[in-house]
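Everything below concerns the one structure shown next.
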Amino acid sequence: MSGEKVKITLPDGSVKEFKKGISSHDIALSISEGLARNVLAAKVNGEVWDSSRAINEDSTVQLLTWRDDEGKSTFWHSSAHLMAEALEALYPGIKFGIGPPVDTGFYYDVDFGEKDFDSADIQKVEQKMTELARQKNEYVRSEVAKRAAIDYFRKKGDDYKLELLEDLEDGTISFYKQGNFTDLCKGPHIPNTGIIKAIKLTNIAGAYWRGDETRKQLTRLYGVTFPKKKELDEYLTLLEEAKKRDHRKLGKELELFAFSEKVGQGLPLWLPKGTELREKLVNFLKKAQLKAGYDSVVTPHIGHKNLYVTSGHYEKYGEDSFKPIQTPNENEEFLLKPMNCPHHCEIFKIKPRSYKELPLRLAEFGTVYRYEQSGELHGLTRVRGFTQDDAHIFCRPDQVKEEFKKVIDLVLYVFKSLGFEDFTTQISFRDPENKQKYIGDDDAWNKAEQAIIEATEEKGINTITVIGEAAFYGPKLDFMVKDALKRNWQLGTIQVDYNLPKRFELEYVGADNQKHRPVMIHRAPFGSLERFIAILIEHTAGRFPLWLSPLQYIILPISEKYEDYANEVNQKLSLKDFTGYADHRDEKIGRKIRDAEINKIPYMFIVGEKEEESRTVSIRKHGEGDIGSYNLEELLNFMNNEIDKSLAPDLK
RNA sequence: GCCGACGUAGCUCAGGGGUAGAGCGCUUCCUUGGUAAGGAAGAGGUCAUGGGUUCAAAUCCCAUCGUUGGCUCCA
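Residue numbering for the first sequence follows numbering that gives the first Met the number 0, starting at 0 and increasing by one per position.
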């Protein structure tokens, strides 16, 4: 065996020979010492391994560092173990659930028994973790027989781990030990605790054991760690920034929207400025949809219960919805509209349709009501009454792909115009193992799924595919944008549906004079206006682009003497559909500027003696300051130019 | 829906078993000022709501409502 070699293929394609049994750490060492120091784990033949694990056959090896997502999650997973070690040292006898990495950081579910773990304990744990990290204890893997593993945790009294063990097969069980802490874990882990340099516990929350609300609630401790102190500082700064941008805070400060407990939970009240913003967005999309061949429709806020029985929504969501409302005499039942599609299906059915009418694209800014669980409500992102920028495209089967592609174009145009340059997409298919969750036959689903695959391929957009995330009536393509703080938000959605047309018995007459069934595409580029505006607020930190800003300008007269001239300028601007006003308060100019800056008004036009005489305004841009004097015509051009620049060119 | 935290003036928040505080905002007056806070005076709160404990509750306890961090859910 000694002297045998293995061929290692590295990501750059180069192949090197090493002694059989080499570890990826040593492979890194052969490249450079610095790299070896930074290697957290390695991907060997597609599987993430400990960097110390011996490689015994020819393999492709990718060394994972902090820069790789998998490197990060390994780092955080190991940090969860470190936190558990600290907790066990501080509070002996506690029991552990699971401790995985998450998007940013990690958590561990802990049963503290009688003890109340509160924020005062956090510092103690952080200190202990730091102390243990400094010991640079290695994470040591050992394969354990199931019997021995059960004995270990039984002796320790950790029921949760015993329960986890029940599902594991003998021969696949491994332990990891660092310092005095041993955990059931399949790994992998980073080499030693010393790499963890910066530690912060971020949150305490309750979480049910195995997500089951009938079972015991454990204390979930969230934390985040970094290999450098500086990165923790950056992360904390980012959190601060996120807090400043929170749409609930800015919505209040900028008077965009409000909630009232007298009106009801999750029912937003749109204030004048928020409404202005909303209407600007709506008009923007209406214009784009007009060019893309959509027809606008309006349907009522309630609909007969049977409509939703037909669509399947009632069966699926009826129990969790607002209860039906009834007519006084006949006791007919109506539902608050939870979806617009059934109404649009009925519009399709008002007369016999010819293939020549297709695709028929019906668009509605339709307000819908859903009884979201109270614990789910969150600012504008999750509410009980919201408006979808909804549309349903009824088309022939052979038009599905083309229509789907057109919708993709529209969605991308919207994103681009609103400054969301960075986005990802996800295709959601049904779970074939769990067909009772969905309606419709296999053939319809296969066709719909195929249409999405082909359309996205032909559009050249990169997608990830997730099984089991489809809507109950069809598969979908979702768009996720990254905002200015690199946070992911799910926005628009496009769904292909062969099922509702069947349920509503939609038909058109084809060129062959036979009846055919149309296909429906559901789509909403914003998703919900409420949610979209929340994201937009956080993305822009309330500094909306000029074309969207509810107040686009404010005129600031130096003193009362220039009130008339200020009003004259104001009138000229409002005639050109700009929104703003003149600040005639009895305040000094410095004060007026400060207030306008705080209110994030894009442009301030200062008028005094100089300006009145020369028929100009002095422009001050939000966040930037004085940018010079313009006469009124130049001013209008200046404003229009800026608006033109920010909208994406295609559909303008 | 479940678990935890929180709820004091329009906003942000301090206080805390013995009749309520600050800053900002608001109103009035003075001031007519040139690129991020001019000055003075004043108004404004059943301390979320309902019960309980107590000589006495905004403060302690319970319930309800709401907000919030998570869990579960999301047509």
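Just so you know, even glycine gets a beta-carbon here, dropped at the ideal spot from N, CA and C. Owing to the predicted nature of the structure, the values given are computational and were not obtained by experimental measurement.
Spatially closest choice to residue i from the options, by CA coordinates
| i | options | result |
| --- | --- | --- |
| residue 603 | 609, 589, 614 | 589 |
| residue 622 | 641, 601, 300, 615 | 601 |
| residue 437 | 466, 411, 421, 461 | 466 |
| residue 104 | 352, 224, 57 | 224 |
| residue 598 | 552, 625, 641, 566 | 552 |
| residue 279 | 577, 640, 586 | 577 |
| residue 531 | 420, 489, 60 | 489 |
| residue 120 | 202, 181, 33, 377 | 202 |
| residue 640 | 428, 624, 546, 432 | 546 |
| residue 735 | 55, 58, 102, 218 | Coverage of the chain is limited to positions 0 through 651, which leaves residue 735 absent and any answer about it impossible. |
| residue 113 | 216, 106, 29 | 216 |
| residue 44 | 56, 33, 533, 348 | 56 |
| residue 548 | 642, 244, 517, 606 | 642 |
| residue 332 | 344, 343, 349, 307 | 307 |
| residue 76 | 150, 413, 9, 187 | 187 |
| residue 363 | 527, 472, 412 | 527 |
8 angstroms Cβ cutoff met for residue i and residue j
| i | j | result |
| --- | --- | --- |
| residue 4 | residue 14 | no |
| residue 523 | residue 430 | no |
| residue 575 | residue 631 | no |
| residue 611 | residue 561 | yes |
| residue 484 | residue 240 | yes |
| residue 367 | residue 520 | no |
| residue 214 | residue 293 | no |
| residue 47 | residue 62 | no |
| residue 681 | residue 502 | In this structure the chain extends from 0 to 651, so residue 681 is not present and cannot be described. |
| residue 296 | residue 346 | yes |
| residue 144 | residue 169 | yes |
| residue 135 | residue 193 | yes |
| residue 334 | residue 327 | no |
| residue 365 | residue 298 | yes |
| residue 682 | residue 66 | What is shown of the chain runs 0 to 651, which leaves residue 682 out entirely. |
| residue 491 | residue 525 | yes |
| residue 140 | residue 49 | yes |
Buried/exposed call for residue i, threshold 16 Cβ in 10 Å
| i | result |
| --- | --- |
| residue 0 | Model confidence at residue 0 stands at a pLDDT of 46, short of 50, so the residue's coordinates are unreliable and nothing is read from them. |
| residue 73 | buried |
| residue 380 | buried |
| residue 152 | buried |
| residue 122 | exposed |
| residue 498 | buried |
| residue 541 | buried |
| residue 12 | exposed |
| residue 558 | exposed |
| residue 391 | buried |
| residue 651 | Because residue 651 carries a pLDDT of 46, less than 50, the predicted location of this residue cannot be relied on, and no value is offered for it. |
| residue 569 | buried |
| residue 321 | exposed |
| residue 387 | buried |
Residue i, DSSP secondary structure in three states
| i | result |
| --- | --- |
| residue 646 | coil |
| residue 65 | coil |
| residue 529 | helix |
| residue 497 | coil |
| residue 224 | strand |
| residue 651 | Note that residue 651 scores 46 on pLDDT, short of 50, meaning its location in the model is unreliable; the coordinates nonetheless yield the value given after this. Coil at residue 651, not helix or strand. |
| residue 291 | coil |
| residue 184 | coil |
| residue 341 | helix |
| residue 3 | coil |
| residue 351 | coil |
| residue 377 | strand |
| residue 628 | strand |
| residue 282 | helix |
| residue 19 | coil |
| residue 50 | coil |
| residue 552 | strand |
| residue 202 | strand |
| residue 641 | helix |
| residue 33 | helix |
Three CB pairs or more closer than 8 angstroms across the stretch 238-249 and the stretch 535-548
yes
Is the number of C-beta pairs between the stretch 270-279 and the stretch 335-353 that are closer than 8 angstroms three or more?
no
State whether the stretch 444-463 contacts the stretch 582-599, with contact taken as three or more CB pairs (one from each stretch) at a distance under 8 angstroms.
no
Hey, is the stretch 155-162 in contact with the stretch 91-101, meaning 3+ C-beta pairs nearer than 8 angstroms?
yes
Stretch pair the stretch 71-85 + the stretch 123-135: three plus CB contacts closer than 8 angstroms:
yes
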